[in-house]
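Comments concern the structure below.
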Amino acid sequence: MKYSIVFVIVMLLGKSPGLTLCPTLPLAHSQYSMVEDDEDLPHHDEHTWKLGNINRTQAESLLRGKRNGTFLVRDSSKAGCYACSVVVDGEVKHCVINKTPTGFGFAEPYNLYSSLKELVLHYQHTSLVQHNDSLNVTLAYPVYAHQRR
């Protein structure tokens, strides 16, 4: 039995509520691609960005030469806190992630998130510049995510 491409697309969209139809560029011959919602982002896998007990020098070594927005989260030298290390204009910058009784945030007044993962997902789309003028970057690329082209 033969099905038209439109029928197949409609069937796929009906069975996968997270699937949306997005045009690809350039829009020659009405090309379309299937794109999952943010659920397939490497940011959802903490193993791609949460490294734990490494120091500032080790973080800088891992991030050196990576593109802007490549980041990792590690234990901070400040007890009970974490540090975010991120590439900004070719340099590795570091900022403290404070842990409070109600969540995680960068600086007072805290924008609090219930988990490090929620914080990372938020700043994937939002620049850190609101917390520090020298951090005009988003957490775009987890350090251990496969590079997408």
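Residue numbers -20 to -1, 1 to 129, in mature numbering (1 follows the signal peptide of the UniProt record, and there is no 0), belong to the letters of the sequence shown in order.
Glycine included, each C-beta is placed from N, C-alpha and C at the ideal position.
Just so it is clear, the structure is predicted and the values come from calculations on it, not from any experiment.
Legend entry - Through-space distance from phenylalanine 84 to serine 94, alpha-carbon basis: Going by C-alpha positions, serine 94 is about 6 Å away from phenylalanine 84.
Inset, instruction - In angstroms with no decimal places, state the Cα-to-Cα distance between residue 168 and serine 56. - result: Any question about residue 168 goes unanswered here, given that the chain covers just -20 to 129.
Inset, instruction - Would you kindly work out how many angstroms separate the C-alpha atoms of alanine 59 and histidine 23, rounded to a whole number? - result: 25 Å
Inset, instruction - Pull up the CB-CB distance for asparagine 48 and valine 68, whole angstroms please, since I reckon it's below 8 Å. - result: 6 Å
Legend entry - Residues that DSSP places opposite alanine 25 in a beta bridge: Alanine is not the amino acid found at residue 25; the sequence shown has aspartate there. Paired residues: none, contrary to the question.
Inset, instruction - Locate the beta strand (DSSP E) running through lysine 58, then write down its first and last residues. - result: No beta strand (DSSP E) holds lysine 58; DSSP gives it neither H nor E.
Legend entry - Cβ-based burial, serine 65 [other Cβ within 10 Å; buried from 16]: buried
Inset, instruction - Specify, as a first and last residue, the run of the beta strand (DSSP E) that lysine 97 falls within. - result: Unbroken run through lysine 97 is the alpha helix (DSSP H), 96 to 103; no beta strand (DSSP E).
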